[in-house]
Structures are given as C-alpha cells and as structure tokens.
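Visitor: First the structure, then my questions, so here it is.
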Amino acid sequence: MDVLTPEEGELAVGIARETIEAAVGCRPACLPSLPAIFQKKRGVFVTITKCGELRGCIGFPYPVIPLKDALSGAAASAALEDPRFPPVRPQELPGLSIDVTILTPPEPLTVPPGERPSKVVPGKHGLIVRSSGRSGLLLPQVATEYNWNAVEFLHHTCMKAGLTGDCWKNPATEVLTFEGQIFSEQGTE
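Numbers 21 to 209, taken from this note's numbering, label the letters of the sequence shown in order.
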C-alpha cells in the first residue's frame, strides 16, 4: 500500500476541513487539484473532536472508492450524520480538531480464537469484529488513547458491535485487523 507523504496527509486534512465547513455552511466545497494518490481507492475515517471529546467519526473501512471521494464523504457524514451526535453547527467550526486516518485493507485474523490477542498490537492495529449480522470497528489510536491491552481492545470492539465483550473467543466471530496512517489538524479549542 502506498503511504501518504506528510504533505499529502496535510492536504487530506485540509480536504476534510473544507468539506466539513462547506457541508455545515450549506455551500459547495472548493477543493484544490490533488496528487494521483487521491485517485486510488482507500479506506479512510474522519474523526472530529471538540475540547478533546469526540464530536463525530465516520468512514469507509474498505477501499471501495477513490480517496478524494472517501475523504469528502466521510468528513461530511462525520459532521452531519453521526447518529451519536447532533449535526455540527457553524459556530462550532473554529473549535473543532480533525483527524484523518488512512487505512490499509482489513485482513482476517486466521488463527484460532485463543491466539487472537497475541496477533493484535494495540496502537498499531485497528479492529473490526463481525458476528450475527453485527459489526464494530475501532481505529488503532483508540487502544492507545485508553491504554488498552489486546484483550481489552478485542473486548471493546465486540461491545461496539453490540455483542458480548468476549465474542472474539467464538470461532464463528470474524476478527479483522488493519493499520492506519493518522494525520491531525488542531482547532482553536
């Protein structure tokens, strides 16, 4: 997988910021011309925080659309459609911080369930848990933020899916890992 340069990462965060401001202000986004890497299909999440607290986080875990489109879609959705929060209001924009996480394609953990914790590296891996028609995803930085070990990270990802915390022990539960390249922008909190 091609990694983004720091300059491309800064550009990705700028795209997310411009898209959020345009979506909240009900105007079209004015995006710059973009390097070729933004045409490649990539998974991406846009995370919005306010005063250090989550304000919205939406993304595309799989590389199904070009990065530029995934960024714009995730940013607008994180601002306006995250079901956990009311839509971002225009007066909030200056105090928001934006993170963009560019994902590697998720890969199933192909070890027996009891060995799953030994294959999960908190802070490096993000997780997806799927079972019984439900799924949950936590980005790599979440484990670091809460100082979780691998078992705790698996537990919380199961809970995010609306499943029991130990569902990762069930062979019928699918556990996938991915990595993320994180780029941040700080608001004026």
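Beta carbons: idealized from backbone N, C-alpha and C, even for Gly.
From a predicted model like this one, the values you see are computed outputs, not experimental measurements.
How many angstroms separate the CA atom of Gly182 from the CA atom of His176?
Guide: Your numbering for residue 182 matches position 162 in the sequence shown. Your numbering for residue 176 matches position 156 in the sequence shown. Using only the alpha carbons, I get a separation of about 10 Å.
Visitor: Report yes or no: do three or more beta-carbon pairs, one from the stretch 141 to 160 and one from the stretch 187 to 202, lie closer than 8 Å?
Guide: They touch, by the three-pair rule.
Visitor: Give me the residue from Glu101, Thr121, Asn190 with the minimum Cα distance to Pro132.
Guide: Position 112 of the sequence shown, counted from the start, is the residue given in the question as residue 132. Ranking Glu101, Thr121, Asn190 by Cα distance to Pro132 puts Asn190 first.
Visitor: With H, G and I counted as helix, E and B as strand and the rest as coil, what does DSSP make of Val44?
Guide: The residue labelled residue 44 in the question sits at position 24 within the sequence shown. Correct three-state label for Val44: helix.
Visitor: Hey, quick one: how far does the beta strand (DSSP E) through Phe173 stretch, first residue to last?
Guide: Taking the sequence shown and counting its residues from 1, the one referred to as residue 173 is at position 153. Taken as a continuous stretch (DSSP letters only), Phe173 belongs to no beta strand (DSSP E), being part of the alpha helix (DSSP H) at 170 to 180.
Visitor: Output yes or no for whether 8 Å exceeds the beta carbon distance between Thr193 and Ser151.
Guide: Against the sequence shown, residue 193 aligns to sequence position 173. Against the sequence shown, residue 151 aligns to sequence position 131. Cβ distance < 8 Å, so Thr193 and Ser151 count as in contact.
Visitor: Any idea what DSSP makes of Glu101, helix, strand or coil?
Guide: Within the sequence shown, numbered from 1, the residue matching residue 101 stands at position 81. In the structure shown, Glu101 sits in coil (DSSP, three-state: anything other than H, G, I, E or B).
Visitor: Candidates Ala32, Gly185, Lys144, Thr121: which alpha carbon is nearest Asn7's?
Guide: In the structure as shown, the chain starts at 21 and stops at 209, and residue 7 therefore has no counterpart that could be examined.
Visitor: By the 10 Å Cβ neighbour count, where 16 or more other Cβ atoms means buried, how is Ala56 classified, buried or exposed?
Guide: One-based indexing of the sequence shown puts residue 56 at position 36. When all chains shown are included, Ala56 counts as exposed.
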